[in-house]
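Going line by line, the protein sequences match chains W and C. 304 is the number that the working numbering gives the last residue of the first sequence; the numbers go up by one with no jumps. 733 is the number that the working numbering gives the last residue of the second sequence; the numbers go up by one with no jumps.
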Amino acid sequence: MGQFIQQLINGLTLGSVYGLIALGYTMVYGIIGMINFAHGDIYMVAAIISVTVITLLAALGISAVPLALMVTLLVVMAFTAVYGWSVERVAYRPLRTAPRLAPLISAIGMSIFLQNMVQLTQGARVKPIADMMPGQFNLFTFDGFTVFLSYTQLMIIVVTVILLAIFTYLITRTSFGRQQRACEQDQTMTALLGVNVDRTISLTFMLGAALAAIAGVMVTIYYGVVDFAIGFVAGLKAFTAAVLGGIGSLPGAVLGGLIIGMLESFWSAYYSPEYKDVAGFALLILVLMFRPSGLLGRPEVEKV
Amino acid sequence: MTTFQARTHTVTLTERLKDATNVALIAILLGIPMIGLHTVDAGGKLMVATRWPWLLAFVATMFFGRLALQFAIDQFKLKRLTRQRTRTLELATPRPWLKWLGYGLLGFSLVLPIAFSDNRYVVDTATTVLIYVMLGWGLNVVVGLAGLLDLGYVAFYAVGAYSYALLSTQFGWNFWETLPVAGALAALFGILLGWPTLRLRGDYLAIVTLGFGEIIRVILINWTEFSGGPNGIGSIERPSFFGLPFKPDSDDGATFASFFGLEYASEHRVIFLYYLILVLALLTNLFIARLRKLPVGLAWEAVREDEVACKALGMNVTNVKLSAFAIGAMLGGFAGVFFAARQGFISPESFVFSESATILAIVVLGGMGSQFGVVIAASLLVILPELGRDFSEYRMLLFGAAMILIMVWKPGGLISRREPSKVLAGVEK
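Have a look at this one:
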């Protein structure tokens, strides 16, 4: 029982991270209908930048955790958003009217490029940082097993919930959200109605990158180690989460992330850590067989 | 965006400078966290170090690079505007030069090992190119002809390779006995994966195939009793020349060298393997060329062009897709058997996602559905990194950049015009 609750908490934390990355996927997919293959690597870039920023802040002697955290988040989000913007500009915009597979290939190229760029400029070795927020709540003890919730875990879960709320509001209630949903449906018509489609798409990429940046900072603080190769697997899991939850749906992305995170954490604890990836993908295949549009997605009507 | 009137106003230098300055500003923002700053390990603790001169060099490169690029584009556009464009859209003009180029390449590939008989490295690289050509042709059936996006093609390659490795090391099967069995197994896997998932829309299919590829890899890594785990399977029997092994000398019967009265040389096997994959690849090409003329091949292309129309005409779309999937998988399996036989050692390391991505890149870069494009793209993608060995640190970086640039430059692939296999009678060519 104690272990069960503990795995639940760990799974929720992991799932929140996947959910944050998945939000970026789902937004980009929603607006241009393409898998942003470089998204996982944007997340990796963010994690690497956050290592630099955290180390720099520590060297400057800024040790107040809330201040350091806010500065790190803002700086990393800003830089990562520029990366997101550039990826769209270089690998997607020239190919907007191209055959559907072309942007996919250029995005895979971008993913390879980013990984190797980081490996070259920042080195291939794992980068460790000191725990920024040590400490935990000891929730209760059951049969000698103390269930705890660390401050970092609590922060990750709370941040995810807040961001989900903010972004749902942004997409459903604001003018930008309306423009974004309009682009999703018909870019030409939206442009005719005076919406700057290019800018809306750019902004969506930047927001997606900023979300990945938050996930990157959280993971850096949570695990304390980061390297240039973390993007691929995390991106894959997050995309699985987005599809599982129903791509295009924001709550779906977070729900999918939570399911994948918990499945992994329980599977590792009770069955075998080696096969946790198999479990996630098998679940995805099962869900897609019976609910092709994901858990919360709307079924797509084929237009002739 | 298309403009209805050619732009008449000439671009001033100031505008160009402004544009390049913007690019330089973006470069500064991109460069600061990656080039300007980096973390170094200082006795177990990370320290931030700076590299401002590098950043300056990067920004300057971007600035002048952008200027030069814009200048080149302007010149190009000017030329285009002055040239009268009267060509209308045409359907499938035959391109005889392409055919002759194909024959030329075929001739070259036939004499290559003889021409380079003293250079084992060239023959080895050419063999690798041919493996990728074969994989590309196999995947081309799925992606290019049937229009199904498969991101886990390497799984079928792995099935073929492990079938041969296991059957030969455990049961002593030889190459030729295993080939059909491995092909059938790979096809079976294709059907197993395709049957539940082919009803899905394109992008979902992509992610499911990607997941399937990962599942196969994870199983191969972890199921140690079955696949040897991360250590892989070694000392796999090499293919023999109609029963004549390529060995210095053997106790039981003749070897290739002794039978033909030749001095034993390790090159014999290299050259034999080259011709073996060449024959396999050519058979694959012939097979696909025939299939394209049969109803099933025409159905693939029809489904690719308009699935709803096919359904309305009463075609069983799922079966059509399934056949493409199975045949593509089978060809991947054949290539896998050859790969295992050539290497003599296989491990899950060879079947990672980046392999799938490379094969897909070959198909898309070459121009989907174009058999010849696959050959060009495979040669490019294998030879470019080989050439880059001297500056090996940068080769994957350049590889990624090249993928982006080629796609932006030619989104339809290098040989981009698709020629339909069937044209309505009476439609002028």
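C-beta atoms are modelled at their ideal positions from N, C-alpha and C, and glycine is treated no differently.
Asked	Found
C:Ala364 at chain W interface by Cβ criterion, 8 Å	no
CB of W:Lys237 within 8 Å of CB of W:Gly280, strictly	yes
Neighbourhood of C:Glu394 by C-beta, 6 Å cutoff - its chain only, sequence neighbours within 5 removed	At C:Glu394 the pLDDT is 46, less than 50, meaning the model places this residue with poor confidence; the figure from the coordinates comes in the next sentence. Cβ neighbours of C:Glu394 beyond the five flanking positions: none.
Interface flag, C:Ala705 vs chain W, CB-CB below 8 Å	yes
Rounded C-alpha distance that separates C:Gly677 from C:Ala705	20 Å
Inter-residue spacing [alpha-carbon to alpha-carbon] between W:Ala234 and W:Ile260	11 Å
Contact with chain W by C:Gly735, beta-carbon distance below 8 Å	Residue 735 of chain C is absent from the model: chain C starts at 305 and stops at 733.
Interface flag, W:Met77 vs chain C, CB-CB below 8 Å	no
Whether W:Leu211 touches W:Gly24 by CB criterion (8 Å)	yes
Heavy atom of the ligand MN within 7 Å of C:Leu409 beta-carbon	Only the bare structure without any ligand can be found here, which leaves the ligand MN out of the picture.
With 16 other Cβ atoms within 10 Å as the buried cut-off, status of C:Lys597	exposed
Test item: CB-CB of C:Val583 and C:Ala603 under 8 Å	no
C-beta neighbour in chain W for C:Lys322, strict 8 Å	no
is_contact[W:Thr240, chain C] using C-beta, thresh 8 Å	yes
Minimum Cβ-Cβ distance from C:Glu697 to chain W less than 8 Å	yes
Reduced DSSP secondary structure (H/G/I, E/B, other) of W:Val126	coil
CB contact check: W:Ile221 to chain C, cutoff 8 Å	no
Assigned secondary structure, C:Ile650 (DSSP; H/G/I helix, E/B strand, else coil)	strand
Residue range of the alpha helix (DSSP H) that includes C:Arg428	Correcting the residue type first, residue 428 of chain C is Asp in the shown sequence and not Arg. Its alpha helix (DSSP H) spans residues 424-443.
Test: C:Phe308 CB closer than 8 Å to a CB of chain W	Its pLDDT being 46, under 50, C:Phe308 is placed unreliably in this model, and the value from its coordinates should be taken loosely. False, the Cβ-Cβ gap to chain W never drops below 8 Å.
C:Ala569 in three-state terms, based on DSSP	coil
Interface partners of W:Tyr275 on chain C, CB under 7 Å	Val522, Asn526
Proximal residues of chain C, C-beta to C-beta of W:Arg125 below 9 Å	Asp345
Classification of C:Gln388 by the beta-carbon crowding that lies within 10 angstroms, buried from 16 upward	Residue confidence for C:Gln388 is low, a pLDDT of 49 falling below 50, so the modelled location carries little weight; the figure read from the coordinates is stated next. Looking at its Cβ environment, which holds fewer than 16 other Cβ atoms inside 10 Å, C:Gln388 is exposed.
Proximal residues of chain C, C-beta to C-beta of W:Val309 below 7 Å	As displayed, chain W neither begins before 1 nor continues past 304, which places residue 309 of chain W out of reach and without an answer.
CB contact check: W:Thr188 to chain C, cutoff 8 Å	no
8 Å Cβ cut-off: residues of chain C touching W:Gln122	Met338, His342, Thr343
Reduced DSSP secondary structure (H/G/I, E/B, other) of C:Asp694	helix
Cβ contact check for the stretch 99-119 of chain W and the stretch 654-670 of chain C: 3 or more pairs under 8 Å	yes
Exposure label - C:Leu691; buried when at least 16 CB within 10 Å	exposed
Alpha carbon of W:Ile62 to alpha carbon of W:Ile54, nearest angstrom	9 Å
Where C:Lys322 falls, given that 16 or more other Cβ within 10 Å makes a residue buried	exposed
Assigned exposure category for W:Met315 - 16 Cβ within 10 Å defines buried	As shown, chain W starts at 1 and ends at 304. That puts residue 315 of chain W outside it, with no answer to give.
Residues sharing a beta bridge with C:Thr354, DSSP	C:Leu341
Beta carbon proximity, C:Val668 to chain W, threshold 8 Å	yes
For W:Leu60 and C:Leu452, the rounded distance between their alpha carbons	54 Å
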